[in-house]
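Heads up, the thing below is written out as structure tokens.
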Amino acid sequence: MSHKSSQKLLVSALLLALGAGGGYWAAKQTGDGAATKEKTPLYWVNPMDPRDKRDGPAKDNMGMDFIPVYEEQKNGSPGTVTISPEIQQNLGVRLAKVEKLPIHQQIETVGYVGYDEDRLEAINARMAGWIRTLAIKSEGQKVAKGSLLYEIYAPDLVNAQHEYLLALNTANPLLLRAAEGKLKSLQVPADQIAALKRSRQVRETIGIYAPSSGYVSELKVREGQYVEPAAALFNISTLQQVWVSAEVFERQAAQLRVGDPVTMTLDYAPGRSWQGRVDYLYPTLDAATRTLKVRLRVDNPDEFLKPNMFAKVAIRTGKGEPRLVVPSEAVIRTGSQDRLVLALGDGNFKSVAVTLGPQFGDKVAIKAGVEAGDSIVSSAQFLLDSESAIDSDFQRMTAVRPAQVWTQGT
């Protein structure tokens, strides 16, 4: 018989004993033949179907031998089972510790990346006139601080230049300061005012330059267009920091605080994550979805994150109170109860019922049933032969407990 088949026999036999014995089983090899009394099998069981029992040796439809099940000669404590090191190795049993760790509640949701509107630069017209040259051709265009945005012809600008030249000729400091202030209010840069002072030549158009670097997030003007004072022309936004808009359920809203740490990931950027903070909690709840909108601020120094990207978000809340936690894979979940397998040492194991708390990533909190420092089996999935076997076997765990049993794979 192959090693793989032998391992299946052992797993099935252990599962059968666990179900019939009230949530525990015992498996012990014969070792060096020290037993002084020959054991008599109680029955034989199908290795592929623990419910198929026979009174004598048999083979299944694939030619695999049924496994004999023996009454255990050694008296153990109730609910305790013994597994030999060889069988533990074959089954890949792994152990873990029940830990008491400071755990934060974690809210997982999704969100969409957007521009940081606190860093948005709104470019508005300061004077009435016609856009002669427009350097911005489309939304999303990148601009550098000090680069030309547009040139405008404005009668008010021409008049302001004439007033400045007249003030220069009069050499009146008050008039000069007033004329220079008017030019500045019309967004005439200081270097152009200095050039006007040197050349004494009035310019018909003036260039307006970018106050900061970023991307054009909104474009509302076209070349040749007439604009009024205060007209919104376009916005310049940065991507060094971004906003992420997310929503949380009504029952989760009370857990959130401004400043809670955030970790964000993207499905199409595996292995990468971005850190941020809860920046703002909106004051109203969505009546249709019963969710609260949350604004997150996330650092984006390499500008990898782009507006409208879809992201997964994990928000850590609370003060991190110490909790008992175990690996999620260690929990045997059934329809009626949750269990852990305690490793008692010297090959002894015991299945115990536990009360679960919330999930924290790959760990789950334990409210009752074990204590910090307890050793448990973390590879509990080796018991899960099939969902039907789990359901039927665990239903029998509340039945009257028989004597311990001993199994031997052939």
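Using the working numbering, read the sequence shown as starting at 1 and increasing by one per residue. For each residue, glycine too, the CB sits at the ideal point set by N, CA and C.
Excluding sequence positions up to five away, which residues of its chain have a Cβ less than 8 Å from the Cβ of residue i?
i       : result
Pro-57  : Trp-44, Asp-65, Phe-66, Pro-68
Ala-128 : Ala-154, Pro-155, Asp-156, Tyr-226, Val-227, Glu-228, Pro-229
Ser-138 : Val-216, Leu-219
Gln-241 : Asp-116, Arg-119, Arg-297, Val-298, Asp-299, Asn-300
Val-202 : Val-158, Gln-161, His-162, Leu-165, Leu-196
Ser-147 : Ala-135, Tyr-209, Ala-210
Lys-59  : Asp-65, Phe-66
Going by beta carbon distance, what residues of the same chain come within less than 6 Å of residue i, once the five residues before and after it are set aside?
i       : result
Lys-74  : With a pLDDT of only 41 at Lys-74, under 50, the local geometry of the prediction cannot be trusted, and the value read off the model is given with reservation. Result list for Lys-74: empty, nothing under 6 Å.
Gln-252 : Ile-107
Ala-365 : Arg-323, Val-325, Gly-357, Pro-358
Trp-130 : Tyr-153, Tyr-226
Phe-394 : Bear in mind that a pLDDT of 39 at Phe-394, under 50, signals an unreliable position, so the number given afterwards is only what the model happens to contain. Hits under 6 Å: Thr-334.
Leu-176 : Ala-167
Lys-182 : Ala-160
Gly-207 : Leu-148, Glu-151
Asp-362 : Ser-328
Which residues in the same chain as residue i place their Cβ atom closer than 7 Å to its Cβ, once the five residues preceding and following it in sequence are excluded?
i       : result
Gly-31  : In this predicted model, Gly-31 has a pLDDT of only 43, less than 50, meaning its place in the structure is not dependable; the value taken from the coordinates is given anyway. Once the five neighbours on either side are set aside, Gly-31 has no close Cβ partner at all.
Ala-232 : Ala-122, Asn-124, Lys-220
Pro-173 : none
Phe-360 : Ile-103, Gln-106, Val-325
Thr-205 : Arg-132, Glu-151, Ile-152, Tyr-153
Gly-111 : Val-244, Ser-245, Ala-246, Leu-296, Ala-311, Val-313
Val-354 : Asp-338, Arg-339, Leu-340, Ile-366, Ala-368, Gly-369, Val-370
His-3   : Its pLDDT being 44, under 50, His-3 is placed unreliably by the model, and the measurement read from it follows with that caveat. Result list for His-3: empty, nothing under 7 Å.
Arg-54  : Tyr-43, Trp-44, Phe-66
Asn-46  : Asp-52, Asp-60, Phe-66
Judging by CA-CA distance, which residue of the options is the nearest neighbour of residue i?
i       : options                            : result
Val-341 : Arg-200, Glu-204, Val-377          : Val-377
Val-143 : Ala-314, Arg-277, Met-309, Ser-237 : Ser-237
Pro-307 : Asp-116, Ser-273, Gly-207          : Asp-116
Ala-311 : Trp-243, Gly-373, Leu-183          : Trp-243
Glu-371 : Lys-182, Leu-101, Gln-141, Lys-319 : Leu-101
Val-262 : Ile-315, Pro-211, Ser-351          : Ile-315
Leu-120 : Leu-239, Lys-182, Gly-92           : Leu-239
Trp-274 : Leu-285, Leu-305, Leu-42           : Leu-305
Gly-140 : Arg-132, Gly-114, Gln-161, Val-158 : Gly-114
Glu-223 : Asp-52, Asp-286, Leu-149           : Leu-149
Ser-199 : Pro-211, His-162, Lys-184          : His-162
Asp-374 : Met-48, Asn-61, Lys-97, Met-62     : Lys-97
Asp-260 : Gly-63, Ala-287, Gly-318           : Gly-318
Leu-186 : Gln-255, Lys-53, Thr-170, Tyr-209  : Tyr-209
Glu-99  : Ala-179, Gly-347, Glu-321          : Glu-321
Ala-135 : Gly-345, Arg-257, Asp-346, Phe-234 : Phe-234
Met-62  : Leu-285, Met-48, Asp-55            : Met-48
Leu-95  : Lys-367, Gly-345, Asp-362          : Gly-345
Ser-212 : Glu-180, Ala-179, Ala-190, Lys-145 : Lys-145
Arg-126 : Ala-171, Val-188, Thr-109          : Val-188
Ala-254 : Ile-193, Thr-284, Arg-272          : Thr-284
Glu-180 : Asp-362, Ile-193, Lys-367, Asp-55  : Ile-193
Thr-109 : Asp-191, Met-264, Glu-303          : Met-264
Arg-272 : Asn-169, Gly-214, Asp-302, Ala-171 : Asp-302
Gln-89  : Asp-191, Gly-347, Arg-54           : Gly-347
Measure from the C-beta of residue i to each C-beta in chain C and report whether the shortest distance is under 8 Å.
i       : result
Gly-181 : In the structure shown, chain C cannot be found, because there is only a single protein chain.
According to DSSP, residue i sits in a beta bridge with which residue or residues?
i       : result
Pro-68  : Trp-44
Lys-100 : Leu-324
Asn-124 : Ala-232
Asn-348 : Thr-82, Gly-345
Arg-295 : Ser-245, Tyr-280
Phe-360 : Lys-363
Leu-285 : Leu-292
Glu-151 : Thr-133, Gly-207
Val-370 : In the DSSP output, where bridge partners are listed per residue, Val-370 has none listed.
Lys-53  : Val-45
Val-188 : In the DSSP output, where bridge partners are listed per residue, Val-188 has none listed.
Val-110 : Lys-312
Tyr-215 : Lys-142, Ser-237
Ala-353 : Arg-339
Gln-105 : Thr-317
Is it the case that the CB of residue i approaches a heavy atom of the ligand GDP more closely than 7 Å?
i       : result
Leu-296 : The ligand GDP is absent from the structure shown, which contains no ligands of any kind.
**Prompt:** Is the stretch 320–337 in contact with the stretch 261–279, if contact means three or more CB pairs nearer than 8 Å?
**Reply:** no
**Prompt:** Taking contact to mean at least 3 C-beta pairs separated by less than 8 Å, is the stretch 281–293 in contact with the stretch 242–262?
**Reply:** yes
**Asked** Taking the runs of the beta strand (DSSP E) that are 3 residues or longer, which of them lie wholly in the stretch 219–276?
**Response** 232–237, 241–249, 261–265
**Asked** With contact counted as at least three CB pairs below 8 Å, one residue from each stretch, are the stretch 270–279 and the stretch 295–308 in contact?
**Response** yes
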